[in-house]
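Chains as they are written, first to last, in our numbering: chain P, 744 to 1164; chain U, -18 to 175; chain H, 852 to 1053; chain L, 28 to 217; chain V, 539 to 859. One structure below.
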Amino acid sequence: MIKRSFFALSRPRLTYDLLEPDPLEPQTIPVPDLITLFLTESIDSKRPALIKKGDPVEKGQKLVLYEDSTAYAVSPVAGTIKMIDSYSDDFGAIATCIIIAHDPVRTSQAQSMEMSEDISFAAAHLLKLPGAPPFDILADENVNITTIVITGADTDLLTTTSQYVTTSHIRDLEQGAKILKQITNVSRICITLPESLNGNAPTASLQVLQTGTVYPDTLPAMIMKDHLDQILPAGKTPEEMGVCFIRAEAVVSLARAFAAKAYIFEKHVTLVDKNASRHRIKAVIGTPLSNIFSQLDIQVNDQDRIIIGGPMRGYATFTVHHPVTPDMDTVVVQDQRIIPKISDTPCVNCGKCVQICPADIQVNLLVRFLETNQYEEATDKYDLDACIECGLCTYVCTSQIALGQYIRLGKHELRKLRADV
Amino acid sequence: MREMISMIVVLTLLASVSGGLLAAVKSGTELRIEEQVLKFQKAPAIESLFSDVTNDPLKERFTLDTGDRTLQIFPGKMKDGSRAVAFETSGKGGYGGDIGLMVGINVDSDQLVGARVTTHAETPGLGSRAKDDLTFVSQFNSRPLDANLALKADNGSIDAISGATVTSRAVTRAAIQAQELYSQLKPEILKQIQ
Amino acid sequence: MAQSLAKEFTKGLWAEIPPFRLVLGLCPTLAVTKSVENGIGMGLATTFVLVFSNLLISLLRNVIPPKVRIACYIVIIATFVTIVELVMQAYTYPLFLTLGIFIPLIVVNCIVLGRAEAFASKNTPVLAVADGLGIGIGFTLSLASLGAVREIIGAGTITIWGGNPVFAVGDWYHPFSFMVEAPGAFVALGLMLAGMNLIGKK
Amino acid sequence: MELFELAIGSIFINNIILAQFLGICPFIGTSKKMETAVGMAMAVVFVMVMAGMITWSVDTFLLKALNVEYLRTLSFILVIASLVQFVEMFLKKSIPGLYAGLGIFLPLITTNCAVMGTCLLNIGNEYDFTSALVSAFSYALGFGLALVLFAGVRERVNLGRVPGPLQDTSIGLITAGIIALTFTSFRGMV
Amino acid sequence: MNNTKLTVSHAPFWHDGDNLFKKNLNFMLALLPAAIFGILQFGAPALGVMALSLSCAMLWELVINLVSKKPATIGDLEAAVIGLLFGMMLPAITPWWLIVVGTFVAVFVGKMIFGGIGSSPFNPTLLGMAVLMMSWKMFFDFDTAYVDYEFAFTALAPLAAVKTQGAAAADLFTLGDLFMGREVGAVGATFGLGLIIGGIYLILRGYARWELSVSFIAGILITAFLFHAASPQNYAGPLFHLLSGYTLLGAFFLITESASSPVNRIPMLLYGFLGGVVIILMRNIGAYADGTILAILLVNVVSPLLDNIRPNALGRGMNNA
Ligand SMILES: Cc1cc2nc3c(=O)[nH]c(=O)nc-3n(C[C@@H](O)[C@@H](O)[C@H](O)COP(=O)(O)O)c2cc1C
Ligand SMILES: Cc1cc2nc3c(=O)[nH]c(=O)nc-3n(C[C@H](O)[C@H](O)[C@H](O)COP(=O)(O)O)c2cc1C
Ligand SMILES: Cc1cc2nc3c(=O)[nH]c(=O)nc-3n(C[C@H](O)[C@H](O)[C@H](O)COP(=O)(O)O)c2cc1C
Ligand SMILES: Cc1cc2nc3c(=O)[nH]c(=O)nc-3n(C[C@H](O)[C@H](O)[C@H](O)CO)c2cc1C
Ligand code: SF4
Ligand code: SF4
Ligand code: SF4
Ligand code: SF4
Ligand code: FES
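Here it is, written out as structure tokens:
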């Protein structure tokens, strides 16, 4: 944990972790016996499912629940479906989890794919590439994207996944960007990179946006403000404003998938252990974290905490078997002794959150409205929708209020309220 | 139309009945009210100031016009034969608003007889000592008319009540106002008490 | 009849007791309750106006044209207020001095006009008088109890009538005079209201 | 200078609500939301100035001239009530925008001690016309100032975790009391 | 398979480690120099007053917690700070019952009825103080409080002396005397140097905002200077005002109370400045000798309004355009 400095007259500045000059080579985790995949669709017992327990699956097979489903997963192994079950996410939305027993005996030659340079093909088949490329949004005819920003600079502290992927796979990245340009017809493609990594930057086709090194300089809203001269209106997504952010890793995977004419499954993850040492690993999507921990000899005990994502924007998972997912750049293991306390003390108006908020939100007042469930007022008067969810207010709050959680919950409730109208 | 007439009739009737009733109550209570005002507001201060007069200052009161208001003047005949008058002034800016002060002035010697606080809204036990405790106002006794009646803190000659500078200042303002009013009205007062 | 009479009378004593339940008439409530005596005096003066204006308005309720009813009520109320004012000046002058401007202001006391409009104009004279009496006595009791709390804490005495305390706490007590000052009035009323809420909830 | 002192005195030191205890019902009743408070404050300024001028004239040219001062309470309340009615009708017809803003507050003002009280204070203090006008305007400003300050604090208080029995009116009164306490700062300044 | 029971609480996953306990502990630490000086100067009674006040405030909060069946909140030490500050603002000779009543008013009326920590729009200590002064002003008369003491310096409360005897009385005190606490006054408010050291410590450590203290002091100095320049024989100088009475305690420990002050920079500057101006107005043309207490309470009232002066949030109002 980063402590407040003794002299704290001015607001704290948290700097991003930069890639080591001589980066670690990733450690490859063997393909495990059990693979867990998530589907963003809930099980409907009344409808006949296309897949069921016991079904054999092939490596690279697209798994879909029903005839008309748009949500899909792609199996990284050949094997048998061992279980299909419901699970609920952070805010109670129901999704489905599929566990596949890996059959190492079956020769696992990935199904070869007929690649098509077409965005609707990409949306229908390549969404689950490592890095989770947002092809569905790019394919949406209602969304008019004019700029694509590849995030080569990581968007949370501790993690260096994007920086690593960018600098170590420059060829693939450039190739991927080219394909991206072709299939999307978006002419302006940029890439964010921390200033110090400039030497390794792709040169040819990409416009490089040199980001600052102070958190949250690399978050989408900040990139738009600082580099694209575009203020993200409160409550809008970058995509609605014509800017699409895509992970560097997704671009690299895209190039590789096209080159191999096959699906790609290896995901890069930065793992920070309890001693704050960083591990760089490469694991097949669906690998349970427990496998990774045992591989690396990381002991996870009761009451410890596993954070998916970085310390500022991540979420905690309840199980060590949480799988590697296409969008998982970072895993932080936190020892129970250093987990910060949350209190239900009211805000004491110390103003630290206001001082640090990059979106200039009056968090001290906002939280009072959120605590009293006044979401509309919170939005109209105190800019709930302008929050970029950087987590800084939560980090500094003297009263140790879970401000970020209030904010995310508030946005969630607000969406429900607005949807009801 | 009928409605209109009834409206006017009812209102007019009501207003006139009310007016008549009030006029009757007014005339029935008028004298008593004046007595009460004198008895409770002015009499104690005047009696305390003019403890040794031979006449009844309340009965012999008269009014003078100062230009912007009328002033009730209470004349007193002192035992030593000299004549005095008392009238009320008000000092601005007390802790709880203006302070009323009854000031007695000996017309023959042009000296203050003394001063008594009549009305105030000062803090009990603090500013109210200006009225309840005569030590402060007794500083005005027998002062010549041209004395500097400001507080010592304002380069005058009066000691403030401890803890109640503001009250004291308001009282001295009233006393100074009395000095000015008296010098302005003296000819008329002399005329009246001949 | 007797039952509804009793009901109209007693509702003013708890269910609708002003100013606790009807948050109206706050100015006199706060301004004059430095002592029990002042509270009672103000309360009785208001009761007098309430009862007689209620009576008269109820008697005239069929005569008064609806369009000018408010004007008529105001004339009636103002008449009784002026009578109270004159009589108090003549007979209880020191009390009149302490209550000051709040006697003529009974005329704008929301309670009085409120009862006229809401009750007296729709009910028989007997009920209207019961209503006025109930609300008036409730108001008086409220003012007296607020006055009691403020006076005993803020001055260490209880004065019921005539300016002489019937009870004094003793010389050791330094009165907590915040309670008899203006801010203390608000705080005392606020805390009493909270107390009533607490009782009411149980 | 006198008028300036009168104005400062009436706004701060003798604040109509916090020092004179007048107009407390609307003070408590319309302060839960800042918008309401601002609307009420504007309506009061409007009515108080008009009422102050008219009642002064009625008193000077009618009541005093005819020697029927005992009709003061009666005539003042009638003047204020009809003034409010008239203003309401006038605004409704000619300035509907303003009417929409002030409309709901106007009837409240008839039974507002502050308006009547200001008129009576003006007479009691034997002010001339200009002073009466300045005093009415300043008292009204003082009313608005206190109301707006109170509304700001009250909105904040209501977002806090006030214990059940104290919520709303109860804590509102206590807050008002403390604001009255802070206004004693101005004592003795003029 | 292992079934480790993980902690699944939500963010913060990282925290700067700051909390109310630390903040309040630092507050008390910063008050210590002035408090210790008070004990040295006024003896055991000063210690008694502060100790009783501190413990009473905590006890009252505990009692209120218990009666209202809420979890005990004294662990955040806010009650302790209220109590300590309250004690430091009293004369050494203060009757015990006054402290008992005063801390109750501060904690109950000033804090708990609004919902406890952070919820009160007023500074609880000052509220308790103001209510007591309104009731028992005679116990706050520093001139009579210390009649039994022998001091090696002018045994007069500087501000009261100036109020009653005029500005000339300011010459009875050298600025050095005031700075080093050679004056009579509240047990924790006389030692100017100690208060300044404590205040700077708090500001550097980020527990008090410089904007508030600096603008408050600027308000005092500028206003007092204008008065003094206009009429030196009637009004004492700016430094005299800054170093006497509760001024420094107010500048670093009272105006900086967070729940009752604004959080944005411009409002903070206005707020502090306004407080300073009002204090000097009260001292020079108002009814009070000091005025710090009421003036800060008065600006507390203005604080919510001032907080409306704030930057537009990122992207605010753009989606309607
Ligand atoms: C809540 C409470 C308040 C008391 N207040 C006083 C008081 O104010 N004065 C007093 O003399 N005794 C008071 N007593 C009673 C005794 O403690 C004490 O005063 C007793 O009379 C001895 O004090 P003395 O020697 O000064 O008379 C109080 C008791 C309680 C429980
Ligand atoms: C509750 C309270 C009531 C006060 N009442 C008065 C008062 O009635 N008259 C007055 O002159 N000052 C009053 N003051 C103001 C001061 O006591 C005093 O006038 C001023 O501070 C100067 O005090 P000094 O004369 O002791 O130096 C009051 C102050 C307080 C706190
Ligand atoms: C709540 C409370 C209030 C008290 N109020 C007073 C008081 O106002 N005056 C007083 O003299 N004693 C009061 N006492 C008690 C006295 O402090 C006690 O009698 C004291 O020891 C004797 O004071 P004395 O020497 O001034 O008579 C109070 C005690 C309590 C608990
Ligand atoms: C509500 C209230 C607030 C007061 N505030 C102060 C204050 O802040 N400083 C002060 O020295 N005296 C204050 N006093 C006391 C009084 O004004 C006077 O100045 C001193 O006690 C005399 O030295 C206050 C009194 C009351 C009633
Ligand atoms: S490992 Fe824990 S304590 Fe160490 S720096 Fe990271 S978060 Fe802080
Ligand atoms: S506080 Fe909430 S939104 Fe902010 S980083 Fe943490 S989990 Fe994410
Ligand atoms: S998470 Fe907090 S600090 Fe970050 S933008 Fe949102 S409100 Fe501001
Ligand atoms: S940091 Fe926490 S306690 Fe401080 S103002 Fe923000 S929400 Fe309130
Ligand atoms: S009693 Fe004064 S406004 Fe209601």
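Built from N, CA and C at the ideal position, the CB exists for glycine as well.
| Check | Outcome |
| --- | --- |
| Extent of the continuous beta strand (DSSP E) run through P:Glu857 | First-last for P:Glu857: undefined, no H or E at that position. |
| Proximal residues of chain B, C-beta to C-beta of H:Ala941 below 7 Å | In the structure shown, chain B does not exist; the protein chains are P, U, H, L and V. |
| Chain-order list of residues whose beta-carbon lies under 6 Å from that of P:Gly955 (same chain, five-residue window excluded) | none |
| P:Val1067 in three-state terms, based on DSSP | coil |
| Distance cut-off 7 Å: P:Ile1144 Cβ against heavy atoms of ligand 8 | yes |
| P:Cys1093: CB within 7 Å of a non-hydrogen atom of ligand 8 | yes |
| Burial state of U:Val(-2), where buried means 16 or more other Cβ atoms lie within 10 Å | exposed |
| For V:His779, three-class secondary structure by DSSP | helix |
| Residue of V:Arg720, V:Leu740 and V:Asp686 minimising C-alpha distance to V:Phe565 | V:Leu740 |
| Any chain L beta carbon closer than 8 Å to U:Leu171 | no |
| Cβ-based neighbour list, H:Lys862, same chain, cut-off 7 Å, excluding 5 preceding and 5 following | Gly985 |
| Reference H:Val1038; option with closest CA among L:Val106, L:Ser197 and L:Arg188 | L:Ser197 |
| Segment contact, 8 Å Cβ cut-off, at least three pairs: the segment 868 to 877 of chain P with the segment 1005 to 1013 of chain P | yes |
| Beta-bridge pairing of P:His1022 - partner residues as DSSP gives them | P:Leu1014 |
| Among P:Ile824, P:Tyr809 and P:Glu768, the one whose alpha carbon lies nearest that of P:Asp787 | P:Tyr809 |
| P:Met1055 - DSSP class collapsed to helix/strand/coil | coil |
| Cβ-Cβ distance between L:Leu147 and H:Pro955 below 8 Å | yes |
| Secondary structure of P:Thr902, DSSP reduced to three states | coil |
| Among P:Arg1161, P:Thr1141 and P:Glu1132, the one whose alpha carbon lies nearest that of P:Gly1147 | P:Glu1132 |
| Straight-line Cα distance separating V:Val546 from P:Phe1061 | 5 Å |
| Simplified DSSP assignment, three categories, for L:Pro134 | helix |
| C-alpha gap between H:Leu1042 and U:Leu(-5), whole angstroms | 43 Å |
| As assigned by DSSP and simplified to three states, the class of P:His1155 | helix |
| Whole-angstrom C-beta distance between U:Leu107 and U:Gly144, which should lie under 8 Å | 6 Å |
| Cβ of V:Ala825 within 8 Å of any chain U Cβ | yes |
| Under 8 Å between C-beta atoms of V:Ala724 and V:Met588 | no |
| Buried or exposed by the 16-neighbour rule on C-beta atoms within 10 Å, applied to V:Asn582 | One point to set straight first is that residue 582 of chain V is Ala, not Asn, in the sequence displayed. Burial call: exposed. |
| Close-in-space but distant-in-sequence residues of the same chain around P:Ile1082 (CB under 6 Å, 5 per side omitted) | Arg1048 |
| Alpha-carbon to alpha-carbon, H:Met939 and U:Glu16 | 13 Å |
| Helix, strand or coil at U:Asn36 according to DSSP, with G and I counted as helix | coil |
| Neighbour flag for U:Val98 against chain H, beta carbons, 8 Å | no |
| Contacts of L:Gly187 in chain P (Cβ-Cβ under 8 Å) | Pro1089 and Arg1111 |
| As assigned by DSSP and simplified to three states, the class of P:Val957 | strand |
| Inter-residue spacing [alpha-carbon to alpha-carbon] between H:Pro1034 and H:Leu946 | 22 Å |
| Inside the segment 634 to 660 of chain V only - alpha helix (DSSP H) runs reaching at least 4 residues | 634 to 642 |
| V:Val530 CB to nearest heavy atom of ligand 8 below 7 Å | This structure cannot settle anything about residue 530 of chain V, because the visible part of chain V is limited to 539 through 859. |
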